[in-house]
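Mapped onto my numbering, the consecutive letters of the sequence shown carry residue numbers 1 to 140. Note that CB positions come from ideal geometry on N, CA and C, so glycine has one too. Working notes, beginning with the structure itself.
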Amino acid sequence: MSDAEWAVVRPLLPVPGWLRGRGGQPEAYCHRAMLDAIRYLVDNGTKWRAMPADFPPWDRVYAFFRRWRNHDLVREFHDRLRRLVRERAGRDSEPGAGVIDSQSVKADAVVGSDSRGFDGGKLTGASGTSWSTHLACCPR
């Protein structure tokens, strides 16, 4: 993570309990090293145990990630970062709509033949054997 990226990310991270006077021990590894390790894992698709020695031990990185995930801090961090990016782009901090069009399934076992359609763009089979799901969320 570059220094510029860290300057943006650091204020968005939750403050550890020991810094807020809630007790406990200081963490053994800095958050920047942990985030670098998690980013490496996601970017390269490696397994936890295959983390390079340049990063903190894999079990410490995994424990850090698991703690954040279990306390919903991953989602909170993502939401804070998304809001910041949207505001800097001059947009509303919360998205107003979303569209999903990615699922194709065989319909012969799920949908009756009288209500099946065909999506020629999907090219998933003969006429009447597939359908797509479409979901749109309206603005709030």
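Residue i vs residue j beta-carbon contact at 8 Å
| i | j | result |
| --- | --- | --- |
| R60 | A28 | yes |
| P14 | L73 | yes |
Reference residue i; option with closest CA among the options
| i | options | result |
| --- | --- | --- |
| R10 | R22, Y62, G23 and L35 | L35 |
| Y62 | A37, V8 and G98 | A37 |
| A33 | P26, R22 and D54 | D54 |
| W6 | L81, D43 and R22 | L81 |
| R75 | L12, P56 and S2 | L12 |
| D43 | G96, A97 and M1 | M1 |
Residue burial classification, residue i (beta-carbon count within 10 angstroms, cutoff 16)
| i | result |
| --- | --- |
| A4 | exposed |
| L41 | buried |
| R140 | Interpretation of R140 is limited by its pLDDT of 44, a score under 50 that renders its predicted location unreliable; the figure taken from the coordinates is listed afterwards. When all chains shown are included, R140 counts as exposed. |
Distance between beta carbons of residue j and residue i, contact taken as under 8 Å
| i | j | result |
| --- | --- | --- |
| W58 | R69 | With 8 Å as the limit, W58 and R69 do not qualify as a contact, their Cβ atoms being about 16 Å apart. |
| R86 | D92 | 7 Å |
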